[in-house]
Structures are given as structure tokens and as C-alpha cells.
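Residue numbers (the working numbering), protein chains in the order written: chain A, 1 to 338; chain B, 339 to 650.
Built from N, CA and C at the ideal position, the CB exists for glycine as well.
Note that this is a predicted model, so its numbers are computed, not measured.
Reading through the C-alpha cells given below for one structure.
Below is the structure:
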């Protein structure tokens with residue numbers, strides 16, 4: 001176990017591009033010095049965009065209908081992402097299941113994930129909307145998906161642990177932690193573990209949600225007030241849907257993909273004009289079912305929601321996924337009245 | 339005041355005057371309320387009224403009326419103006435909606451409070467018209483009003499069936515125009531740079547559009563594929579075109595409720611630019627949106643004596 005300040009840890013990453021929360025931009029971006037690194041809590045967006053950029057070039061081409069004119073974007077070199085929380089690191093693994101398991105591998109995501117050094121910060125003081133501890137095997141100090149794991153000791157210093165070979169090598173030059181530092185780290189960890197909300201019922205939730213699919217009483221409250229904006233899906237670390245477009249840039253062309261949201265009517269609009277999810281009722285239901293049921297039924301093990309609470313704190317009309325899970329549980333236990 | 343609101347809501351529901359009352363209920367997180375739809379008069383106790391009742395409800399009113407319901411709504415000055423604007427644009431008729439008008443002391447953005455207070459940590463949160471407080475820390479409500487509410491001309495509803503509470507005077511035209519004039523004092527390149535910088539944060543979640551009662555097009559220009567007016571990516575040109583394009587579609591229609599600014603997760607400031615637009619429309623056409631329900635917005639009609647400064 002090592003110990004270091006933000007600057008000292010940043011210095012270990014010399015030669016790499018570093019992505020971190022940038023306060024002024026309110027999102028993750030490249031930083032050139034440790035002074036530019038903001039707190040992940042000060043921005044609404046998750047670190048997802050370091051792995052799945054909002055706007056990503058797939059390839060350039062000189063002439064339509066001429067595959068020989070295609071040019072791939074530059075290779076991704078090793079880079080570091082500072083400021084994931086354990087929920088975010090988990091979310092990147094879950095996106096990885098979709099993008100890289102099975103017959104087709106999304107090389108764009110795969111190479112970014114492979115090339116990244118994930119610096120995960122544990123949470124001694126989870127936010128009021130955080131509930132990662134409600135999910136099996138997760139918590140504010142889970143090291144899953146990290147290369148370097150940081151435990152904040154005070155406002156300046158971190159306990160630093162290399163959790164993969166790459167991570168260990170990078171931090172080798174930092175001083176060893178004293179017994180006092182390690183004890184302080186344990187205290188911080190205990191505080192986080194004791195504070196995190198574990199009250200959201202998630203066991204068997206995937207099946208409970210299935211039985212509520214057609215229950216008007218259950219969804220009515222949500223879809224009447226849902227505005228149909230994309231905030232929840234864009235701040236979510238585990239929402240991974242995208243749209244593909246072509247654009248002309250000068251005398252060349254670019255094929256690119258951008259984040260898309262199941263909350264938009266356009267998302268499911270078919271060429272014929274038919275829309276299988278014609279209203280906000282089907283759209284908000286889709287999101288909740290995907291997060292709390294479909295994914296686990298399809299991939300096993302985990303729910304797609306990781307309990308980061310961003311959608312809860314950013315929703316302009318108070319739609320609260322914790323509340324959805326609690327109400328689902330109550331609906332099943334208490335009959336139809338919730 | 340909330341008792342009176344609940345009482346009217348209950349009687350309207352019981353009489354069958356309305357099928358649904360749209361108002362505000364407690365949110366599940368500190369510093370928030372959420373829009374609620376009450377169909378059973380036993381539920382009127384869920385209604386709340388405080389400086390966190392931020393969102394303009396007129397968009398919901400239009401949607402519920404179009405779905406065939408008799409709608410009742412709790413309306414601040416701005417909500418009532420939006421309803422007036424929608425009536426003037428023939429989206430529905432005045433008789434389709436019953437309005438509980440409530441003079442408004444100004445609203446506070448929940449994200450401002452999160453920045454100001456951080457987390458509540460289980461301490462008692464008070465949000466009333468005097469102060470917002472968490473535990474021992476307290477801020478007078480008047481001092482942290484959202485930008486749009488600071489320059490509100492019409493805190494008292496213009497259109498209502500019942501008015502609950504004392505009328506509140508709006509600020510003068512001169513006071514209203516101050517932020518817009520400050521912006522106009524900057525040179526055009528400075529303003530252009532300022533807005534490009536602000537709009538560059540846009541993540542295209544379209545919350546501004548979705549929260550705006552006046553944005554009700556079946557197909558928004560940003561979603562149109564044929565013609566494709568603009569690209570979908572993060573190029574600054576497209577981000578500016580989107581935000582400015584949406585704002586241009588609001589000329590003579592925006593009631594300056596501030597919903598777009600309050601829902602924007604990326605803190606894009608829309609208030610000054612919208613206030614400047616309203617100022618211009620007022621000066622050119624002697625028109626303020628949402629006041630007269632029988633007068634169409636100026637860009638949707640013409641008169642032979644229009645100033646036409648931009649041509650002459």
C-alpha cells in the first residue's frame with residue numbers, strides 16, 4: 001500500500017493522456033496538470049465518456065460508395081481516467097459485456113477499455129442519492145474494475161493501491177503508507193460502508209419487474225410527469241445506446257456515432273412511420289425495465305443499474321429509480337396498492 | 339395558503355369540474371418538488387406550495403387536454419402566461435382548463451441549493467418564502483431566486499378561475515431589462531464568443547425543449563432528417579445552432595418562466611438572451627406573450643403598420 005497527493009499520483013502517469021472531471025466544463029476532459037482535476041461530485045456527467053465518447057468518429061471517407069477511400073481514426077494510446085467511483089468502474093464492465101461478449105466485438109469500446117488505466121476513488125462519504133450498496137457484491141470501496149484504487153485520507157492525501165499489474169507498476173515510486181495512514185484508511189472505509197444506502201430492495205427485482213410490465217397503476221405516476229428529455233440516460237454510467245450518422249466535413253466525409261436515448265421518440269421511430277414506443281409510458285418503462293430487469297435476465301449476475309444516483313439527483317421532475325424498486329417490491333408484497 | 343389550494347382542488351374534483359389536478363408534490367430528494375397528477379380528491383393532501391415549485395406546468399396542461407381530459411392546474415404567473423400563450427396559438431380553449439392561480443414569491447433552482455448547501459445529511463430542510471435553511475445554515479429566499487424569477491414582470495397569474503393569496507407586484511420594465519441591457523452593452527463579437535462558450539457545454543439531452551411549454555412541435559427541427567438542418571454530434575457549430583435555433587423559435591412566444599435554464603444539467607444561461615428577446619418584441623410590437631388570449635404572437639400575424647425596421 002502506497003500513499004500520495006493528487007499531484008504525486010498524477011506525476012506517476014507521466015507520458016499518458018489523463019482524463020478527469022473538469023469543473024468548468026461540467027464533464028470529463030483531458031487535463032494537463034493535477035490542478036485542473038476537479039471533484040467527480042462537482043459535475044453531473046459520469047466518466048463514461050472516456051470509454052464511450054458522446055461523439056466518436058468511426059471512420060473517414062473521401063467518396064461515398066468507395067470503400068477504398070475509408071480511413072480509420074488514429075489508434076488509441078494508453079491513457080488514464082482519474083475519478084471513477086466504484087459504481088462507474090462496475091458500469092464500464094457491464095457495458096463491456098454488451099459491447100465485447102458474444103459473436104461481435106465493438107472494437108472502438110474494446111480498445112479504449114484495454115488502453116485505459118482506471119483510477120478509482122473510494123467513497124468515504126456517499127451522496128444522499130447513492131445506493132450502490134444495495135446491489136450484491138457492490139459497495140463504496142469495491143475495487144472491481146480498477147487498476148489503481150484510491151482511499152481519500154484527508155483533503156490532500158490518498159492511500160494508493162495498485163489493483164492490477166499495470167497499476168502496481170505505475171505507482172511503484174510512491175512512498176509506502178505508514179501504519180497510521182492504513183488505520184485512517186480503514187476508518188474512512190468503515191464510514192463509507194456504514195453510510196451507504198442498502199435499503200433499496202434488489203433481490204429478485206428482475207422477476208418482480210416482469211410481473212409489473214402491464215400494470216397501469218404502477219407506471220402511471222412515472223410517465224405522466226416524465227418530460228422525455230435525455231438527462232437520465234446521458235448522466236448514467238451504464239447507458240450505452242448510440243445512433244450512427246454521416247456528415248460532410250469540407251470535401252471529405254465522416255461516419256460517427258453519438259449517444260442516443262431511449263427517452264426520445266425518435267429512438268424507436270421506424271422508417272414506415274410506425275413507432276413501437278409511441279408515448280412516454282413505453283419509454284420510461286423501457287429504461288426502468290432495462291436497468292432493473294432485462295439486463296440481469298439476459299446476462300445473468302448483475303443489474304444494469306449500479307446505484308450511482310446521478311439520474312435521481314439530475315431528473316428535473318423527481319423520477320427516482322430507488323423509489324421504483326421500492327414500490328415494485330411493495331406492489332408484490334402488498335397486493336396492488338403498493 | 340396550501341389549505342385553500344387543496345380545498346379548491348378537492349371541490350373541483352368532487353364536483354366533476356375537472357378530471358385531474360396538476361400541481362406539485364414533495365420530491366424524494368432534498369430541495370425538490372415533483373409535478374403530480376391528482377385524480378382522486380382523497381389525495382389533495384399531497385399538494386405542496388413552496389419556492390421549489392419550479393417547473394412550468396403548462397406543457398402538461400396542453401397534453402392532458404389533448405388526451406381528452408378536463409384539466410385543473412395550479413398556476414404561478416408564468417404558468418398562467420404560458421397557458422394564455424397556448425390559447426392564443428389555438429392549442430386549446432380557455433374553457434378547457436380550470437386554473438387555481440397563486441401569486442408567486444419567486445422560485446429557487448434545486449441545483450443552486452445543492453451547490454449552496456451541499457448535502458442535507460439528514461438535517462431538517464426548510465424552504466418557505468422567508469428563507470431556505472438546512473440545520474443552522476439559512477439564506478433568505480429573495481437572495482437566491484433563480485435568474486428568471488429575479489426579473490419577473492408578472493408574479494401574479496393573469497388568467498385564473500380562483501386566485502389564492504394576495505396579489506404580488508411584478509418589477510418594472512426598466513428593472514426587467516437590466517440584465518438584457520448589460521448583455522447588449524457588450525460588442526457583438528464579445529456576445530458571440532460568450533454564447534458559443536456557454537452553448538459548447540450542451541450535451542443535447544433536450545431537457546430545455548422538453549421542459550418548455552412553448553416547444554410543442556410534433557417534429558423539432560433538430561430531429562428532422564429530411565431536410566437535415568444540422569448534425570447530431572458535438573461540433574460547436576451544431577451546439578450553437580441548436581440552442582440559438584430553439585431560442586429563435588421562441589420570439590414573441592417565450593414567457594420567461596426560466597424552466598429551460600433550471601432543468602439544464604450543464605448550467606447554460608438562457609435568461610439574459612430570452613429577456614433581451616422579450617424586450618425587443620415589446621418595443622417593436624407592443625406585445626408581451628401570454629397576456630391577451632385573443633391576440634396571436636406578432637410573428638404569427640401581420641399588420642400594415644408593422645414597423646418593419648429590418649426591411650426599411
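In chain B, no part has a C-beta under 8 Å from the C-beta of residue 291/A; the shortest such distance is about 17 Å.
Against chain B, the CB of residue 128/A has a partner CB under 8 Å away; the residue lies at that interface.
Contact note: residue 245/A reaches chain B through 569, 570, 571, using a C-beta cutoff of 8 Å and chain order.
Contact check for residue 420/B against residue 583/B fails: the beta carbons are separated by 8 Å or more. For residue 508/B, the CB contacts under 7 Å within the same chain, skipping 5 residues up- and downstream, are 490, 491, 492, 493 in chain order. If you ignore the 5 residues before and after residue 444/B, its C-beta comes within less than 8 Å of the C-beta of 389, 479, 480, 483, 484, 487, 488, 490, 493, all in its own chain and listed in chain order. Less than 8 Å separates the beta-carbon of residue 387/B from that of residue 343/B.
Membership of residue 211/A in the alpha helix (DSSP H) is indicated by the continuous run 205 to 211. By the Cβ neighbour-count rule, residue 453/B is exposed, with fewer than 16 other Cβ atoms within 10 Å of its own. Uninterrupted beta strand (DSSP E) stretches at least 3 residues long and entirely within the region 459 to 523 of chain B occur at 463 to 465, 469 to 472, 475 to 478, given in chain order. Distances from the CA of residue 384/B to each of 372/B, 393/B, 551/B were compared; the closest alpha carbon is that of 372/B. Judged by DSSP secondary structure, residue 413/B falls within the beta strand (DSSP E) whose first and last residues are 409 to 413. The three-state reading of DSSP puts residue 116/A in strand, counting E and B together. The region 188 to 201 of chain A makes contact with the region 138 to 147 of chain A; the number of CB pairs closer than 8 Å reaches 3 or more. DSSP lists 258/A as the beta-bridge partner residues of residue 55/A. C-alpha of residue 296/A to C-alpha of residue 623/B: approximately 59 Å in a straight line. Between residue 133/A and chain B, the shortest Cβ-Cβ separation is not below 8 Å. For residue 599/B, no CB of chain A lies under 8 Å from its own CB, so it is not counted at the interface with that chain. Residue 228/A belongs to the set of residues whose beta carbon lies under 8 Å from a beta carbon in chain B. Between the region 205 to 216 of chain A and the region 49 to 63 of chain A there are fewer than three C-beta pairs closer than 8 Å, too few to call the two in contact. Contact annotation for residue 539/B against chain A: 25, 26, 27 [CB-CB distance below 8 Å, chain order].
In the DSSP assignment, residue 377/B falls outside any beta strand (DSSP E), carrying neither H nor E.
Contact annotation: in the region 302 to 322 of chain A, residues whose CB is within less than 7 Å of a CB in chain B are 312, 313, 314, 316, 317, 318, 320. If you draw a straight line from the Cα of residue 284/A to the Cα of residue 559/B, it comes to about 23 Å. For residue 224/A, the C-beta contacts it makes with chain B under 7 Å involve 375, in order along the chain.
By the C-beta density criterion, residue 398/B is buried, having at least 16 other C-beta atoms within 10 angstroms. Following the DSSP letters along the chain, one finds residue 19/A inside the beta strand (DSSP E) bounded by residues 17 to 22.
Against chain A, the CB of residue 407/B has no partner CB under 8 Å away; the residue lies outside that interface. If you ignore the 5 residues before and after residue 23/A, its C-beta comes within less than 8 Å of the C-beta of 38, 39, 42, 43, all in its own chain and listed in chain order. By the CB criterion at 8 Å, residue 218/A and residue 327/A fall inside the cutoff. Rounded to the nearest angstrom, the gap between the Cα atoms of residue 573/B and residue 473/B is 45 Å.
Scanning the region 149 to 197 of chain A from its first residue to its last, the whole alpha helix (DSSP H) runs of 4-plus residues come out as 165 to 170, 179 to 195.
In this model, residue 306/A and residue 27/A are separated by some 19 Å (Cα to Cα). Approximately 6 Å separates the beta-carbon atoms of residue 163/A and residue 147/A; this is inside 8 Å, confirming the contact.
Residue 68/A has its alpha-carbon roughly 58 Å from the corresponding atom of residue 416/B. When DSSP states are grouped into helix, strand and coil, residue 580/B belongs to the helix group.
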